[in-house]
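Counting with numbering that gives the first Met the number 0, you get residues 0 to 92 for the letters of the sequence shown. All C-beta atoms, glycine included, are put in the ideal place defined by N, C-alpha and C. Single-structure report; data block below.
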Amino acid sequence: MTGPNPIRKRQEFDNGLYVLESMTAPGFPGPEQFGTGRIVRIEHSGAQRTIASGLTFPTAMTFGPDGALYVSNIGFGVPIPGAGQIVRVEVTD
Numbered sequence: 000m001t002g003p004n005p006i007r008k009r010q011e012f013d014n015g016l017y018v019l020e021s022m023t024a025p026g027f028p029g030p031e032q033f034g035t036g037r038i039v040r041i042e043h044s045g046a047q048r049t050i051a052s053g054l055t056f057p058t059a060m061t062f063g064p065d066g067a068l069y070v071s072n073i074g075f076g077v078p079i080p081g082a083g084q085i086v087r088v089e090v091t092d
């Protein structure tokens, strides 16, 4: 099987399925996986499109009232405690 390995997903009926991957590099979470997280949108046709990349161990996402996607970045792993972020991702069609 090829495709995303989701840790979270969010269905938007008009825009397909949004899938959050905490890392795309193989192995146990460590420095080699920094920046390999991403968000993929799976269209109704099955086509996949990367919405955001370069994330480090993202753990959750939600849409805000402004239509943007908000993602918790650096949610676990080796980074320094307190280094977590909320990242705003502009979603376009």
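According to DSSP, residue i sits in a beta bridge with which residue or residues?
{"i": "Ala51", "result": "Ile38"}
{"i": "Val88", "result": "Leu68"}
{"i": "Thr61", "result": "Tyr69"}
Relative to the alpha-carbon of residue i, which residue among the options has its alpha-carbon at the smallest distance?
{"i": "Arg37", "options": "Gly66, Ala46 and Asn72", "result": "Asn72"}
{"i": "Ala82", "options": "Ala67, Phe56 and Pro64", "result": "Phe56"}
{"i": "Val86", "options": "Ile79, Gly74 and Pro80", "result": "Gly74"}
{"i": "Thr23", "options": "Gly15, Ile41, Gly53 and Tyr17", "result": "Gly53"}
Determine the contact status of residue i and residue j, defining contact as a CB-CB distance below 7 Å.
{"i": "Ala51", "j": "Val88", "result": "yes"}
{"i": "Thr69", "j": "Thr61", "result": "Thr is not the amino acid found at residue 69; the sequence shown has Tyr there. Yes."}
{"i": "Leu16", "j": "Ile41", "result": "yes"}
To the nearest angstrom, report how far apart residue i and residue j are at their CA atoms.
{"i": "Gly66", "j": "Thr91", "result": "9 Å"}
{"i": "Asp33", "j": "His43", "result": "Looking at the sequence itself, residue 33 is Phe, so the reference to Asp does not match. Those two C-alpha atoms are separated by around 30 Å."}
{"i": "Ile80", "j": "Gly63", "result": "Per the sequence presented here, residue 80 reads as Pro, with Ile not at that position. Roughly 26 Å separates the two Cα atoms."}
{"i": "Arg48", "j": "Gln84", "result": "24 Å"}
{"i": "Val39", "j": "Ser21", "result": "11 Å"}
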